[in-house]
Amino acid sequence: MLVRADRVHRSVYADPAIFDLEMERVFGRAWLVLGHESQVKAPGDYFTTRMGREPVIVVKESKDKIKVLVNRCMHRGAMVCAEGRGRLATESERFVCPYHGWSYDRGGVLQAVPFASGYEKDRLPKGLKPVPRVSVYRGFIFASLAESGPGLEEFLGTAKASFDDFVDRAPGGELEVAGGVFKHAYNGNWKLMLENHLDGAHPAWVHASSVAVARGAPEPGKPGEEHYYDIAVRQMRQNGAPDSVWEAIGMWTTAHGHGYMGDYHDDSRLVAGMGNPVFDQYRNKLIEKVGEKEADRILRVTLWNTILYPNCSFMSQFRQLRIIHPLAVDRSVVYTYSFRMKDAPPQMFRDTVAFANVVNGTGSWVLTDDLEVYERIQHGLTSGAVDWVYVGRGHGRDVKEPSGAARGATGTSEIFIRAQFAAWLRYLSAQ
Amino acid sequence: MSAMNVEQFLYHEARLLDTGQLEAWLDLFADDATYWLPLERDQKDPLETSSIIHDDRTLLELRVKQARHPRAHARQPLARTVHQVGNVMVHSEKDSEIRVNSTLQLIEFRAEKQRVWGALVEHRLRRMGDSFRIAHKRVDLVNSEGELDGIAILF
Chain A
4 MLVRADRVHR
14 SVYADPAIFD
24 LEMERVFGRA
34 WLVLGHESQV
44 KAPGDYFTTR
54 MGREPVIVVK
64 ESKDKIKVLV
74 NRCMHRGAMV
84 CAEGRGRLAT
94 ESERFVCPYH
104 GWSYDRGGVL
114 QAVPFASGYE
124 KDRLPKGLKP
134 VPRVSVYRGF
144 IFASLAESGP
154 GLEEFLGTAK
164 ASFDDFVDRA
174 PGGELEVAGG
184 VFKHAYNGNW
194 KLMLENHLDG
204 AHPAWVHASS
214 VAVARGAPEP
224 GKPGEEHYYD
234 IAVRQMRQNG
244 APDSVWEAIG
254 MWTTAHGHGY
264 MGDYHDDSRL
274 VAGMGNPVFD
284 QYRNKLIEKV
294 GEKEADRILR
304 VTLWNTILYP
314 NCSFMSQFRQ
324 LRIIHPLAVD
334 RSVVYTYSFR
344 MKDAPPQMFR
354 DTVAFANVVN
364 GTGSWVLTDD
374 LEVYERIQHG
384 LTSGAVDWVY
394 VGRGHGRDVK
404 EPSGAARGAT
414 GTSEIFIRAQ
424 FAAWLRYLSA
434 Q
Chain B
48 MSAMNVEQFL
58 YHEARLLDTG
68 QLEAWLDLFA
78 DDATYWLPLE
88 RDQKDPLETS
98 SIIHDDRTLL
108 ELRVKQARHP
118 RAHARQPLAR
128 TVHQVGNVMV
138 HSEKDSEIRV
148 NSTLQLIEFR
158 AEKQRVWGAL
168 VEHRLRRMGD
178 SFRIAHKRVD
188 LVNSEGELDG
198 IAILF
């Protein structure tokens with residue numbers, strides 16, 4: 004048994020054969036977050052990404068339909084679309100394979116084959132392989148490589164509330180991907196990131212240096228006297244919150260391995276809030292759009308980091324979303340996106356960009372220490388001298404809630420890792 | 048010290064970084080300086096698009112202080128580096144600032160990993176006695192949009 008109640012075997016992080024099985028049974032079955040509708044606004048818009056090992060094209064086929072196509076020519080296998088994004092501006096524009104010129108329309112249907120007379124007509128494929136299930140929740144695009152399985156809403160369960168929070172906070176009711184994409188890589192297993200983002204016991208240690216320098220920094224400005232550095236200083240200081248704050252955080256998990264934190268960043272503590280005049284402008288805008296009662300309800304939601312197992316982590320209040328792409332058992336890459344809230348004051352987005360630079364950026368004070376630790380973990384787990392990884396913080400004290408979620412006894416419970424492995428085991432055990 | 052020319056100043060700056068004199072390097076920056084590694088090619092704006100680094104003088108100082116912290120896991124020990132400055136082109140002075148373009152090739156070694164960087168660099172320099180102060184430094188890495196391992200060095 005690789006997974007036990009309070010520990011897992013190190014091979015799940017280090018064995019290439021298990022990684023192969025994960026790509027087939029976890030990334031080949033689960034709903035994966037691929038992106039956001041704002042990345043494919045007009046018919047013909049597309050971007051490329053990965054689903055586990057599969058390179059895919061996400062394309063707006065028509066006004067109401069998003070299609071996900073395996074980015075591999077049906078002839079000899081070349082990727083038909085180079086990495087990136089673009090638009091097939093007219094219906095007659097094609098994805099054209101660079102090798103022999105096979106061309107496919109927006110929906111992936113094979114349209115033209117040079118030297119066509121050389122092929123047996125009934126042996127030609129119909130088009131690029133479509134990913135069988137595609138669905139959108141509140142603007143976020145999901146797909147699954149499996150023909151069947153739980154529907155998206157069932158899969159999301161109570162984690163839906165985090166997406167609702169993300170979108171509801173936009174006064175105009177919509178989000179837009181903007182501000183550039185950080186792509187950071189590390190020599191470590193993909194699960195290490197998902198086991199870190201809800202871990203309230205790590206900031207005091209991993210981020211000790213950035214907490215210390217932020218504490219020694221000049222004080223952030225009072226309203227009307229803000230500095231450029233304020234967001235950075237405030238955010239880094241927050242990682243140094245006392246243990247009692249981390250313990251008091253709400254920590255929930257779902258049956259599909261998702262997890263989310265709450266009860267920490269209420270708006271009086273939120274970096275963007277804290278008496279910031281732009282936050283008042285933002286609140287007023289929200290009231291103008293949805294009314295005072297609804298605005299109060301929205302701003303009282305205190306969900307924070309959310310992990311959507313197995314490929315996504317996001318912060319609704321800071322409008323950041325990360326997608327993890329496993330490359331090998333010991334190599335992963337993470338794409339970090341920022342979102343602009345429709346009809347919010349422009350400074351709100353500038354704060355999002357500053358937050359991204361400070362916390363999630365490839366050269367930031369904070370992320371770099373996380374990446375260093377992931378690599379040290381991978382080194383440690385490659386050693387065969389010790390077999391087990393102990394994830395027992397809070398074990399035996401988990402609380403089942405009526406919603407179906409399970410809650411950690413305290414905010415620093417490792418319940419979210421145990422929930423991830425419970426889901427992992429189900430994915431891997433099913434034939 | 049005789050009056051430093053621009054090229055000598057850039058070599059001096061590189062030497063401070065390569066010999067771990069980060070505080071002396073920081074002192075080269077004016078109080079109102081900015082230090083910028085854009086994320087995107089030809090990036091115009093540091094406020095509405097993310098940057099690998101976009102620091103004012105206060106934040107740059109925090110970066111140097113972090114590098115000295117005993118529990119700065121990604122920075123202790125600091126990487127060893129060679130900053131190779133080339134193709135220095137001095138443009139005319141404007142508003143008492145000299146705009147200088149150069150190229151940077153950088154070799155970094157830490158934790159059994161050697162990395163090579165290439166960048167187009169722009170300095171805006173102010174004359175200060177026999178030397179200069181850096182008012183603005185922009186470093187456009189050729190792989191800024193690529194999939195990059197964590198960056199814990201200074202360029």
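Residue numbers (this note's numbering), protein chains in the order written: chain A, 4 to 434; chain B, 48 to 202. We put the CB at the ideal spot given by N, CA and C, even for glycine. Predicted model only: the values in this text are computed from it and were never measured.
* Asked: Does any C-beta atom of chain A lie closer than 8 Å to the C-beta of glutamate 70 of chain B?
  -> Numbered from 1 along the second sequence, position 23 holds the residue referred to as residue 70 of chain B. By this cut-off, glutamate 70 of chain B is not an interface position.
* Asked: Exposed or buried, what is asparagine 134 of chain B when buried is set at 16 or more other beta-carbons lying within 10 Å of its beta-carbon?
  -> Start at 1 with the first residue of the second sequence, and residue 134 of chain B comes out as number 87. So asparagine 134 of chain B counts as exposed.
* To do: Sort B:Gly197, B:Asp187 and B:Ile198 by Cα distance to arginine 88 of chain B and report the nearest one.
  => One-based indexing of the second sequence puts residue 88 of chain B at position 41. Checked all of B:Gly197, B:Asp187 and B:Ile198; the closest Cα to arginine 88 of chain B is B:Asp187.
* Give a yes or no on whether the minimum CB-CB distance between histidine 187 of chain A and chain B is below 8 Å. => Sequence index remark: in the first sequence, residue 187 of chain A carries index 184 (1-based). Yes, because at least one Cβ of chain B sits closer than 8 Å to the Cβ of histidine 187 of chain A.
* Asked: Just the Cα atoms here: how many angstroms apart are serine 319 of chain A and alanine 71 of chain B?
  -> Taking the first sequence and counting its residues from 1, one reaches residue 319 of chain A at position 316. Taking the second sequence and counting its residues from 1, one reaches residue 71 of chain B at position 24. Using only the alpha carbons, I get a separation of about 41 Å.
* Return helix, strand or coil for tyrosine 232 of chain A, following the three-state DSSP convention. => Your numbering for residue 232 of chain A matches position 229 in the first sequence. Here tyrosine 232 of chain A sits in coil by DSSP.
* Relative to chain E, which residues along the stretch 213-236 of chain A have a C-beta separation below 9 Å, given in chain order? -> Structure shown: chain E not included; protein chains present are A and B.
* Asked: histidine 187 of chain A bridges to which residues according to DSSP?
  -> Within the first sequence, numbered from 1, the residue matching residue 187 of chain A stands at position 184. Looking at the DSSP assignment, histidine 187 of chain A forms a beta bridge with A:Val337 and B:Leu195.
* Sheet register partners of asparagine 148 of chain B (DSSP bridge) -> On the second sequence, position 101 is the one that residue 148 of chain B refers to. For asparagine 148 of chain B, which the question treats as bridged, DSSP gives the partners B:Met136 and B:Glu169.
* Asked: glutamate 95 of chain B touches chain A at which residues, Cβ-Cβ below 7 Å?
  -> The sequence position of residue 95 of chain B within the second sequence is 48, counting from 1. What glutamate 95 of chain B touches in chain A: Gly182, Phe352, Arg353 and Val356.
* Asked: leucine 125 of chain B and isoleucine 100 of chain B: beta carbons closer than 8 Å?
  -> Residue mapping note: residue 125 of chain B aligns to position 78 of the second sequence, counting from 1. Residue mapping note: residue 100 of chain B aligns to position 53 of the second sequence, counting from 1. Not a contact, by the Cβ cut-off of 8 Å.
* What residue does the beta strand (DSSP E) around threonine 309 of chain A start on, and which one ends it? -> Within the first sequence, the letter at position 306 stands for residue 309 of chain A. Taken as a continuous stretch (DSSP letters only), the beta strand (DSSP E) holding threonine 309 of chain A covers 306-311.
* How is the beta strand (DSSP E) around glutamine 114 of chain A delimited, first residue to last? -> As a first step, residue 114 of chain A must be located in the first sequence, where it is residue number 111. Segment 113-115, the beta strand (DSSP E) holding glutamine 114 of chain A.
* Let me know if glutamate 291 of chain A comes out buried or exposed under the rule of 16 or more other beta-carbons within 10 Å of its beta-carbon. => For this step, residue 291 of chain A is matched to residue 288 along the first sequence. Result: exposed.
* Please report the residue range of the alpha helix (DSSP H) in which leucine 24 of chain A lies. => The residue labelled residue 24 of chain A in the question sits at position 21 within the first sequence. It spans 19-28 - the alpha helix (DSSP H) in which leucine 24 of chain A sits, taken as one unbroken run.
* Please list the partners that alanine 121 of chain B has in chain A, where partner means a Cβ-to-Cβ separation under 8 Å. => Here the question's residue 121 of chain B lines up with position 74 in the second sequence. In chain order: Thr371, Asp372, Leu374 and Glu375.
* To do: Report yes or no: is there a C-beta of chain A within less than 8 Å of the C-beta of glutamate 155 of chain B?
  => Looking up residue 155 of chain B in the second sequence gives position 108. No - not a single Cβ of chain A is within 8 Å of the one on glutamate 155 of chain B.
* To do: May I ask you to list the residues that DSSP assigns as paired with proline 329 of chain A?
  => For this step, residue 329 of chain A is matched to residue 326 along the first sequence. Answer is A:Ser335, bridged to proline 329 of chain A.
* Asked: What separation, rounded to the nearest whole angstrom, lies between the Cα atoms of glycine 104 of chain A and arginine 75 of chain A?
  -> Locating residue 104 of chain A in the first sequence gives position 101, where the first residue counts as 1. Locating residue 75 of chain A in the first sequence gives position 72, where the first residue counts as 1. Their Cα atoms are separated by approximately 13 Å.
* Thinking C-alpha only, which one of A:Ala45, A:Glu177, A:Arg53 and A:Val281 is nearest serine 65 of chain A? -> By one-based count along the first sequence, residue 65 of chain A stands at place 62. With distances taken between Cα atoms, serine 65 of chain A lies closest to A:Ala45.
* To do: Determine the DSSP secondary structure at leucine 63 of chain B, reduced to helix, strand or coil.
  => Here the question's residue 63 of chain B lines up with position 16 in the second sequence. Helix.
* To do: Kindly say whether alanine 146 of chain A, judged by its beta-carbon, lies nearer than 8 Å to any beta-carbon of chain B.
  => Mapped onto the first sequence, residue 146 of chain A falls at position 143. Not an interface residue.
* Could you tell me whether the Cβ of glutamine 161 of chain B comes closer than 8 Å to any Cβ of chain A? => One-based indexing of the second sequence puts residue 161 of chain B at position 114. Not an interface residue.
* Asked: Does glutamate 194 of chain B have its Cβ less than 8 Å from a Cβ in chain A?
  -> Within the second sequence, residue 194 of chain B is the residue found at index 147, counting from 1. With 8 Å as the cut-off, glutamate 194 of chain B counts as an interface residue toward chain A.
* To do: May I have the straight-line CA-CA distance separating serine 247 of chain A from leucine 374 of chain A, to the nearest angstrom?
  => For the purposes of this step, residue 247 of chain A is taken as residue 244 along the first sequence, with counting starting at 1. For the purposes of this step, residue 374 of chain A is taken as residue 371 along the first sequence, with counting starting at 1. Serine 247 of chain A and leucine 374 of chain A: Cα-Cα distance of roughly 26 Å.
* Status (buried if at least 16 other CB within 10 Å, exposed otherwise) for arginine 379 of chain A -> On the first sequence, position 376 is the one that residue 379 of chain A refers to. The residue in question, arginine 379 of chain A, is exposed, as its Cβ has fewer than 16 Cβ neighbours within 10 Å.
* Which stretch, first to last residue, makes up the beta strand (DSSP E) that contains glutamate 64 of chain A? -> Taking the first sequence and counting its residues from 1, the one referred to as residue 64 of chain A is at position 61. 57-65 is the span of the beta strand (DSSP E), which, as asked, contains glutamate 64 of chain A.
* **Cα-Cα separation, glycine 176 of chain B to asparagine 52 of chain B** => The sequence position of residue 176 of chain B within the second sequence is 129, counting from 1. The sequence position of residue 52 of chain B within the second sequence is 5, counting from 1. Roughly 12 Å between the two C-alpha positions.
* Asked: Between arginine 97 of chain A and tyrosine 107 of chain A, what straight-line distance do the alpha-carbon atoms span, to the nearest angstrom?
  -> Counting from one through the first sequence, the residue named residue 97 of chain A turns up at place 94. Counting from one through the first sequence, the residue named residue 107 of chain A turns up at place 104. Taking the straight line from one Cα to the other gives about 5 Å.
* Where glycine 365 of chain A meets chain B, residues with beta-carbon distance less than 7 Å -> Taking the first sequence and counting its residues from 1, the one referred to as residue 365 of chain A is at position 362. The question names glycine, yet the displayed sequence has threonine at residue 365 of chain A. What threonine 365 of chain A touches in chain B: Ile99, Leu195, Gly197 and Ile198.
* Asked: With 8 Å set as the bound, which would you pick, yes or no: does the beta-carbon of glutamine 131 of chain B sit closer than that to a beta-carbon of chain A?
  -> Within the second sequence, numbered from 1, the residue matching residue 131 of chain B stands at position 84. Cβ-Cβ to chain A under 8 Å: no for glutamine 131 of chain B.
* To do: Write down every uninterrupted run of the alpha helix (DSSP H) in the stretch 101-138 of chain B whose length is 4 residues or greater and which is fully enclosed by it, in chain order.
  => 104-115
* Asked: Between the stretch 169-184 of chain B and chain A, which residues of the former have a C-beta closer than 8 Å to a C-beta of the latter?
  -> none
* What number of angstroms, rounded off, separates the C-alpha of arginine 421 of chain A from the C-alpha of alanine 8 of chain A? -> Taking the first sequence and counting its residues from 1, the one referred to as residue 421 of chain A is at position 418. Taking the first sequence and counting its residues from 1, the one referred to as residue 8 of chain A is at position 5. Arginine 421 of chain A and alanine 8 of chain A: Cα-Cα distance of roughly 7 Å.
* Asked: Going along chain B, which residues have a C-beta under 9 Å from alanine 211 of chain A?
  -> Here residue 211 of chain A refers to the residue found at position 208 of the first sequence. Per Cβ cutoff of 9 Å: His116, Pro117, Arg118, Ala119 and His120.
* Could you tell me the boundaries of the beta strand (DSSP E) in which tryptophan 427 of chain A lies? => In the first sequence, counting from the first residue as 1, residue 427 of chain A sits at position 424. No beta strand (DSSP E) holds tryptophan 427 of chain A; the alpha helix (DSSP H) holding it covers 418-432.
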